[in-house]
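Below you'll find the structure, written out as C-alpha cells, and then a few comments.
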Amino acid sequence: GIKVTYTEFKGKIGRPKTWRFLSNVYFVYASGELSKPAKLVFRINASALKGVDEDSIRIFKWICLGNGLGFWVPVKSKVFLNNYTVVTRTKRFSIYAVLGKIEGEEVPNVLGVLDTLLSKPPSKPECTVGVYVGIDYVIVSKETMPDLYPEVVKIVSSRAAPYLKRIGFPDHWNEVVGVETGNPFSMFIGCDADINDGWDIRSYFYDMEHKKWVYKEGVLTEEEYERAAYYILVVWNFDCGEDATIEGYVKTKSGNTISRANVKATNTAGEFYETITDSNGFYRLNVQSGYYYLDAKKRCCSGNRKGGLICAYRTVIEKVLGDGTIKVRYEKSEPFERDITVSGSSVIIKGSIVIVADKTIPYGTPNTLYHYKTRTEEKYILEFTPEIVGESDGLKQFKGSGKLKVSKYVVKAENTFMFNIPCCNPCEAKYIIELSMDEKVVDVVVFGNMTSKGELVSIKIMLAKCPDCLICQHNAGTMYTILNFSMPCINKDFRQFKSESKDAWMTPRDIEIVLLTVDPPFYFNKGLQRRTVNIKLNSNDMMMLTSKGLILGTQLTLSNQTGLPQLPSQPPEMAGELVFTGEIVFYACTCED
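Under this note's numbering, the first residue of the sequence shown is numbered 1240, with each subsequent residue one higher.
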C-alpha cells in the first residue's frame, strides 16, 4: 500500500529569531496519493519550552519558494503538553516542525519598516498577480502575530491593493488571501509567479550587532542571514502572459449544450477575454492570472457565474537532495473547469419606421392658419428577457430588463403661421427644425400583458432614470433651428435666424404604438414574425409631437415676436395626424432555438 515516511531535514531553511524550534525538522512524504489524511505526531523537546508562549505552539509547514526563499505557515494542530506531543492530519506533504513564540522578544519599528517596504511600487505593476509579506520567516497571520496582524492588514490593504485589483484584493479577501497556505488570514495574497517573469524580492533585516535596519533587494547572503535578528520580507509575484486556462461547457438547466454562445471572462480590474463555444458547447480561454467573472450569452438567453481566482502557476517541492537542498518546480496549473448555465428567453424587436404629418388647421383667429409638416426616420433594436410576474383579469403580466439601441433618429419639421395684419396680407412666419440623434444604447425595463396564448396585449418601455424620453441629457444629438419671417410691412422682406442646441430625443412610445397597432398581433411563442407598418395616429401627446419637431415651433416662433398677433401658445386642436410606415420584426426565442 501507500506508505508515509519521514527523514530529518538539515538543509537551509528560514530559522526565525523570535520563534523557537521545539522539535526536529522533518521532510514528510508519501509514496502515492492518499485517499484520506495521514496522522502526523511530533514530539516536543520539553527542555525547549522555557520562555515560550504555550498558546502559540503549533506544527508549522515550510513553504519553499526556491532560491533560499520561503516562510513557515501554521497548520491545524492539537497540542498535548502532558505527554509533549503535537498532532495534525494532512494529505499535503512538505517540511514540518513544531515552533513556539519566544516571550518578550521585540524589535523596534516593525510596522514603520513594513510600510516603507510596501510604499515602493512593484517594478511590473501591469504583471503583478500576488504579494507575500513575511516577518521573521513566519507568515503574518492572526495565529502567528495576533498583536501585529490588525495593523499589518491596514498597511497591506492600503499600500498593496492598488496593484492587486486584477486578483480581487481586498474585495474577495477570503478567496485570494492565503490560497497557498490554506489560511485566509495569512499574508500570502493571490497567485504564484511565472518563473520567466520573476519577482521583486525586497526586505529589511535588523542588524543585531549595529542595532539598525538594513535594506536588501534579493535573498540574504549567509553573512547577512547570521547577522539578522529580525527579517521583514515583501515579494511581489509577476505573471505577464496569458498562461492560465479556463475551460468548460455552456449548458441549459436541462443539461443541453449551447453552441455559438459568446463567453466572456472579466477580471476585477476590468480586463476581459472573449471566445465562442464550438459545436459541442465547449469553450477555452487563455487569460492572465486574476479573479474572474464569467458570462455566457446567446441571442436568446444568457447566464453567468463566478470564476474565482485563476492562477497560472504553482510551486511544488520536487525533492530534497542529499545535501539538504530543496529542489522546487514551478509548474503550470491544470485548466480551471468552469461550466456556465444559461437560461431565459429573449424577445428581439427591430424597427425601421418613417413617420410623417402634413396638415393645415385654424389657429386662434379665423384669419390665422397653422401648417405643420414633419418627416421622422428611426431605426432601433429592442432586446429584452421577459418573465411572467403575475396574472390578473385573465392576462399574464410580464416584465424584463434589456437594452434599446437607436441607430438612427432624424427629424425635419416645418411650423408655418399665416396671418393678416393691417400692413401685411398675407404674412408668414416659418420655423424649421432639423434634429438628429447620435447612436445610443440604453438599459430599459419592459413590462406589459399577454394572453394565455402568448398574444401581446399591452407594453410599456421605461428607462432607468428617465421614464418618458429616451435621451434626457443635453448631449444626445444636435438640433438646428431656422426662423424665417416674410413681412413686407416692416423694413426687411426676409429675416433668418439660425441656432444650434444639443437637444435631441426619441420617445419609446413610437415603438409601443407600432407594436400594439399592427395586424395581426405579435405573439411571444411564435418565433420570427414580420409585419408591414401602415398606421395613422391622431395624437395630442405632447412628448410624441414635440419629438417630431411639432409644438416646439409654435412655442418658439410666437414667443414675444414684435408685429405678430396675440395668439395662444398652443393650438386649440393639436391632434397631429401622424402616419407610420415601414417594417417591424418581432422575434421570440429560447436557449434551445
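Each residue gets a CB set at the ideal place from its N, CA and C atoms; glycine is no exception.
These numbers were taken from a predicted model, which means no experiment stands behind them.
Residues of its chain near residue i, where Cβ-Cβ distance is below 7 Å and the 5 sequence neighbours each way are ignored
i: residue 1577; result: 1485, 1487, 1533, 1544, 1546
i: residue 1245; result: 1265, 1266, 1267
i: residue 1776; result: 1752, 1817, 1819
i: residue 1388; result: 1379, 1380, 1381
i: residue 1411; result: 1530
Reference residue i; option with closest CA among the options
i: residue 1290; options: 1319, 1259, 1269; result: 1259
i: residue 1489; options: 1782, 1434, 1516; result: 1516
i: residue 1247; options: 1266, 1257, 1255, 1751; result: 1266
i: residue 1413; options: 1615, 1284, 1530, 1644; result: 1530
i: residue 1688; options: 1660, 1629, 1358; result: 1629
i: residue 1648; options: 1608, 1590, 1638; result: 1590
i: residue 1347; options: 1827, 1445, 1551; result: 1445
i: residue 1786; options: 1284, 1613, 1506; result: 1613
i: residue 1491; options: 1447, 1317, 1541; result: 1541
i: residue 1744; options: 1553, 1351, 1634, 1616; result: 1616
i: residue 1395; options: 1357, 1501, 1337; result: 1357
i: residue 1257; options: 1377, 1624, 1765; result: 1377
i: residue 1342; options: 1373, 1384, 1379; result: 1384
i: residue 1627; options: 1583, 1550, 1596, 1471; result: 1583
i: residue 1432; options: 1643, 1406, 1410; result: 1406
i: residue 1831; options: 1501, 1280, 1345, 1493; result: 1493
i: residue 1251; options: 1303, 1286, 1261, 1274; result: 1303
i: residue 1404; options: 1388, 1387, 1510, 1322; result: 1510
i: residue 1721; options: 1680, 1672, 1769, 1759; result: 1672
i: residue 1621; options: 1632, 1659, 1686, 1595; result: 1686
i: residue 1397; options: 1600, 1409, 1658; result: 1409
i: residue 1286; options: 1746, 1411, 1262, 1756; result: 1262
Chain-order list of residues whose beta-carbon lies under 8 Å from that of residue i (same chain, five-residue window excluded)
i: residue 1402; result: 1360, 1361, 1364, 1367, 1370, 1475
i: residue 1519; result: 1488, 1496, 1498
i: residue 1355; result: 1443
i: residue 1350; result: 1387, 1390, 1391, 1394
i: residue 1665; result: 1657, 1658, 1659
Proximal residues to residue i (C-beta, below 6 Å), its chain only, five neighbours per side dropped
i: residue 1314; result: 1298, 1300, 1327
i: residue 1524; result: 1485, 1504, 1512, 1514
i: residue 1329; result: 1276
i: residue 1455; result: 1442
i: residue 1548; result: 1414, 1415, 1530
i: residue 1640; result: 1684
i: residue 1748; result: 1783
i: residue 1271; result: 1241
i: residue 1821; result: 1591, 1592, 1593, 1772
i: residue 1826; result: 1587, 1767
i: residue 1655; result: 1610, 1669
i: residue 1472; result: 1373, 1442
i: residue 1243; result: 1269, 1277
i: residue 1502; result: 1514, 1522, 1535
i: residue 1811; result: Only weak support is given to the placement of residue 1811: the predicted model assigns it a pLDDT of 46, under 50, and the value that follows is read from those uncertain coordinates. Here the set comprises nothing.
i: residue 1295; result: 1339, 1340
i: residue 1823; result: 1590, 1753, 1770, 1772
Coarse secondary structure for residue i, derived from DSSP in three states
i: residue 1413; result: helix
i: residue 1540; result: strand
i: residue 1366; result: helix
i: residue 1374; result: strand
i: residue 1830; result: coil
i: residue 1296; result: coil
i: residue 1393; result: helix
i: residue 1570; result: strand
i: residue 1273; result: coil
i: residue 1288; result: helix
i: residue 1886; result: Because the chain spans 1240 through 1832 in this model, residue 1886 falls outside it and cannot be assessed.
i: residue 1264; result: coil
i: residue 1441; result: strand
i: residue 1499; result: coil
i: residue 1252; result: coil
i: residue 1401; result: helix
i: residue 1355; result: helix
i: residue 1331; result: coil
i: residue 1751; result: helix
Assumed close pair residue i, residue j - CB separation to whole angstroms, cut-off 8 Å
i: residue 1754; j: residue 1761; result: 6 Å
i: residue 1634; j: residue 1696; result: 6 Å
i: residue 1352; j: residue 1324; result: About 37 Å separates the two Cβ atoms, so there is no contact after all.
Ranges of the beta strand (DSSP E) found wholly within the region 1639 to 1704, counting only runs of at least 3 = DSSP runs (the beta strand (DSSP E)) wholly in the region 1639 to 1704: 1663 to 1676, 1679 to 1689, 1695 to 1702.
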